[in-house]
Each structure stands twice: as structure tokens, then as C-alpha cells.
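J.: Position 17 (the sequence shown) corresponds to 16 in numbering that gives the first Met the number 0; numbering is contiguous.
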Amino acid sequence: MVNHVRWCFNVARWEPTREEWLKLTSSIAREELERINKFVFQDSPKSSLIGCALIRKFLTLATSTPSNDIVLTRSPRGRPEVCETYRRSQKETWPPMFDFNVSHSGDYCVLAGVWSKRESPIIRVGVDVTKIIKKESTSELNRFLDLMSKRPFTIDEWDTVKKATSDRQKCINFTRLWCLKESYIKAIGLGLAFNLRRIDFKFSEEHNWNISTSTLRHNMLSDTTVMLDGHPETNWRFYETALDDEHMVSLAYNILNARKVDEVPHCHDQFENLSINSILESLTPLTAADDNDWAHFSSRSVRSSR
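1) Does the count of Cβ pairs from the region 153-162 and the region 198-211 closer than 8 Å reach three?
2) So if DSSP puts residue 127 in a beta bridge, which residue, or which two residues, is it bridged to?
3) Measure the C-alpha to C-alpha separation of residue 181 and residue 87 and round it to an integer number of angstroms.
4) Report yes or no: do the region 183-196 and the region 209-220 share at least 3 C-beta pairs separated by less than 8 Å?
5) Just to confirm, is the Cβ distance from residue 128 to residue 295 under 7 Å?
6) Between the Cα of residue 131 and the Cα atoms of 176, 250 and 139, which residue gives the shortest distance?
7) What residue ranges within the region 90-161 form continuous beta strand (DSSP E) runs of no fewer than 3 residues, ordered along the chain?
8) Who does residue 80 pair with in a DSSP beta bridge?
9) Note down, in chain order, each residue of its chain lying with its Cβ closer than 6 Å to the Cβ of residue 59, except the 5 sequence neighbours on either side.
10) Quick check on the DSSP output: the beta strand (DSSP E) that includes residue 239 runs from which residue to which?
11) When the Cα of residue 206 is compared with those of 225, 194, 239 and 117, which residue comes out closest?
12) Helix, strand or coil, according to DSSP, for residue 217 in the structure here?
13) I believe residue 54 touches residue 99 by the beta-carbon criterion, under 8 Å. Please report the beta-carbon distance rounded to the nearest angstrom.
14) Only counting the same chain, and skipping five residues up and downstream in sequence, which positions put a Cβ closer than 6 Å to that of residue 64?
15) Just to confirm before moving on: does the CB-CB distance between residue 251 and residue 50 stay below 7 Å?
16) Could you check what DSSP says for residue 170 in three-state terms: helix, strand or coil?
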């Protein structure tokens, strides 16, 4: 059986206390904290720190290992992953198949994870959350779309954006496609080094260019397909939803070694909205708490919203 988690956390609503911040900072590696401490405003370190904590929470759940025992690293493209040497040292005690991915944008940080105690199937997961784009006027939106049309989308994908009958729907369609593209490249671990025009997403007739966020909020769509270099990619599954009226999420599952993708049951579970306490209770300190970490964070400016 393949196990799934889909978690989200509203970072914008969270006003960290000193105790919460120090519990989080003492539960991640100092190298990650040094990276986080380079941010100028408070929103970015909040999102990054929660992302690190969600990874350790997931791995503790999937492997029954205390969070402070787990050694994490990053791939050459920056994808968080378990250190291979450490993973091999666990031998049979860890599940043979697991993967996870995190994303943050706007108000949210999200994690998607899979694991199984069986060898098959092997699944790579990518997730992307994106705040729906907004522009002050139709002319500003059109300029933005003209600029972006030269970059990541195929002709058919751009037709999906342009034929929308309202500015709001154009923004939804653009963001929906962007999320799908991001989730794909995050699953394969290549990042923006991958030519996004090689992949061409096809919406179903039922959930095509005029779907609303209110529909997405109450559904986990699973009928979008993808072409790679003009050929159908049959070993992929995509799930789409909205966390609220302003944030869309796409999940990409790359099923690598199943004889048929249909052998892997669909999972239409929605994202679970976590509390800060449910995150903190899963963490075990890795280092001693350092008040300088709280002083560093609390001295940062709050980014103004416009």
C-alpha cells in the first residue's frame, strides 16, 4: 500500500512566539538556518523554516525515526532530500520507497509525501503552491501575458489562457498551468534548467479553461494529462486543487516502475491544514536553542502588502 500525506500551513496568519521560533530553529541543521538567516524580510524565513520542519515531521512519520537523527542535504539543483550515505546506513529499518517535496508561495507552505514498505512502485512526487497572479488593469495583464508567452508555455497552453472570457479567469488559467509545470520539474528534480515548452498539459473537457477556484477548493482534480516532446506521458498523475480563493496547488506523481499506472490507487485526499502545535510536537531538538536566532528574526522588517 502506498501512503500519502498532503499538508499545508498558513504562514501569513502565524505570528511566531519566541518559544515557537527557538523550537523550530533548534530542530534543523545549522547550514539550513544560515541560509534562512540571509533573508531580509520576515515572511521568507517563516516559510523556509516551516518547510524544513514539515520535511522532518514527514520523515519521522514515514520512517519512525526521531527528527534529530535524520540527515538531510540538497541535490545539485537544490531539492531537499535525505543524505544517501545516511539512508543506506538505515538498511531495512526504513521503507524502501519514499519521497517528498515542499513548496511555499503567498500565504502558504505545503508538503506532499509518499511512502511504502513494498519495493514497488517507486514514486517521485513534486508539489507547487502558487498565489494567483493579480494585475491592476486589463492592459497591465495583457502586457504581462505577452511577456510570459515567450517563455514557459506551449501554443495550446497559451490558447487555454487567452480564450478565457475574463481577466480573473485568465489569471486562474495562467496560475493553474504554472503550478502544473512547476510540480512536474520538481518531481524530476531538474528545476528551471528543464525546457518547460517540452511539456504540454491537456485539460479534460469537464475541467477545461473556465474552471473556478470555488470548484477547485472542493475537489482534487485528477484528469489532467501531459505530453513530453509531443508524446503522451502515461506514467504521470496530476492532482489539482485550491487552498482558498487565491492559492492553487498542483501535485505531480511520477510512477517509475509499475507495470501499469492503474495499479497504483488514486488518492483524492485534500490538504490537511496543520496547526503550529502539530508541527512542533513532532520535532526533536538537533542543537541547543540560541536566543540570537530569535533576535535575528524579530529585528527583520515586515514586508508591506500592496
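Backbone N, C-alpha and C define an ideal beta-carbon position, used for all residues, glycine too.
T.: Taking the definition as stated:
1) A contact is defined here as three or more CB-CB pairs under 8 Å, and the region 153-162 meets this definition with respect to the region 198-211.
2) 249
3) 29 Å
4) no
5) no
6) 176
7) 96-104, 107-115 and 122-130
8) 72
9) Result list for residue 59: 66 and 281, in chain order.
10) 235-243
11) 239
12) coil
13) Indeed, because the Cβ distance is near 6 Å, the residues count as touching under 8 Å.
14) Its chain contains no residue whose beta carbon lies nearer than 6 Å to that of residue 64 once the 5 sequence neighbours on both sides are disregarded.
15) no
16) helix
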